[in-house]
Structure formats: structure tokens, C-alpha cells
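First residue of the sequence shown: 1, per the UniProt record's numbering; consecutive thereafter.
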Amino acid sequence: MSSSNIKQPLRLLMVEEGMLAMATLVSSAVQHNYADALSKSILFFEGQRSGRLPHTQRMIWRKDSALCDGLDVKRDLTGGYYDAGDNVKFNFPMAFTTTMLSWSVIEFGKSMGSELPHALELGSH
């Protein structure tokens with residue numbers, strides 16, 4: 001085997017090793033702030049509330065909405081959550097989301113700090 005035939009795979013191996021080392025450095029440098037993510041998630045869902053809003057609503061620009069839902073068919077359909085800002089309340093996606101949020105409160109509620117009351121309030125709306 002000639003030296004040029006050996007050098008090509010070695011160069012490729014060195015490039016791969018270098019890329020792997022850089023990827024490892026980048027991934028180890030990334031720090032996730034789960035407390036911040038949780039806080040923003042809860043705040044997002046507070047903004048998706050429908051119906052009469054509680055006095056503890058942190059988004060002061062949001063007001064009561066859709067208070068006449070179901071009035072025409074003599075059903076009280078007020079309350080609940082909008083899905084991603086739409087004017088429609090989708091039950092199944094929100095059921096999954098609220099189940100996961102509720103489960104996280106059950107599992108990690110003691111470590112939620114000041115977000116715990118807001119998370120508990122989401123379950124009662």
C-alpha cells in the first residue's frame with residue numbers, strides 16, 4: 001500500500017476525531033435552565049386561559065374571554081384553555097398537556113418554588 005493511500009484514511013479519521021471532539025465540547029458547554037423553562041411554560045398556559053380569569057392572572061393585558069360560549073344551546077362552555085392562541089378549544093391535545101403538567105407537579109412540586117401556586121392554579125381553571 002502506498003503512503004498516499006494510507007494518508008487519505010488517516011486524514012479522514014483525524015477530521016472525524018476533530019469534529020467529534022468539537023461536538024463533545026459544544027454539547028457539554030450547553031446548560032439547560034429547567035426552572036426558567038417551567039416558569040415560561042406555566043406563563044404561556046396562563047395566557048391561553050378562556051372564560052373568567054382569576055385575580056391572580058399575571059398577564060395583565062389578558063381579560064375575560066368567551067363568556068357566552070354555549071349560551072345559544074343552553075350549555076355553559078366557558079372556561080378551559082385555547083390551543084396555541086386559536087379561537088377553538090381542542091380537547092385532546094390540551095388533555096395530554098395538562099396531564100403532563102399535572103404529573104410534573106405531583107413528581108416535582110416540592111422543588112418548584114414560587115411557580116407551584118401558579119401550576120396548581122392551572123389545574124383548577
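For glycine and all other residues, C-beta sits at the position ideal for the given N, C-alpha and C.
If you're wondering where the values come from, they're calculated on a predicted model, not measured in any experiment.
(1) Would you report the Cα separation of L43 and Q57, rounded to the nearest angstrom?
(2) Quick one: what's got a C-beta closer than 6 Å to S39's C-beta in the same chain, skipping five residues either side?
(3) Between Y34, D36 and F45, which has its C-alpha nearest A95's C-alpha?
(4) Could you give the DSSP three-state label for G80: helix, strand or coil?
(5) Starting from V105, trace the alpha helix (DSSP H) in both directions and tell me its first and last residue.
(6) Looking at the unbroken alpha helix (DSSP H) that takes in S41, where does it start and where does it end?
(7) Mapping DSSP to helix, strand and coil, what is G113?
(8) My guess is that L79 and S50 are in contact by the Cβ rule of under 8 Å, so how many angstroms apart are they, rounded?
(9) Figure out for me which residue from F108, S65 and W61 has the closest Cα to the Cα of Y34.
(10) How about K40: is its C-beta nearer than 7 Å to some C-beta of chain B?
According to the structure data:
(1) The alpha-carbon atoms of L43 and Q57 are separated by roughly 9 Å.
(2) Cβ neighbours of S39 beyond the five flanking positions: E115.
(3) Relative to A95, the option among Y34, D36 and F45 whose CA is nearest is F45.
(4) G80 sits in coil when the DSSP states are folded into three classes, being neither helix nor strand.
(5) Unbroken alpha helix (DSSP H) run through V105: N91 to F108.
(6) That run of the alpha helix (DSSP H) goes Y34 to G47.
(7) Collapsing the DSSP output to three states places G113 in a helix.
(8) The sequence shown places Gly at residue 79, rather than the Leu named in the question. Yes, G79 and S50 are in contact; Cβ-Cβ is about 6 Å, under 8 Å.
(9) Checked all of F108, S65 and W61; the closest Cα to Y34 is F108.
(10) As a matter of chain content, chain B is missing from the structure shown, which is built from one protein chain.
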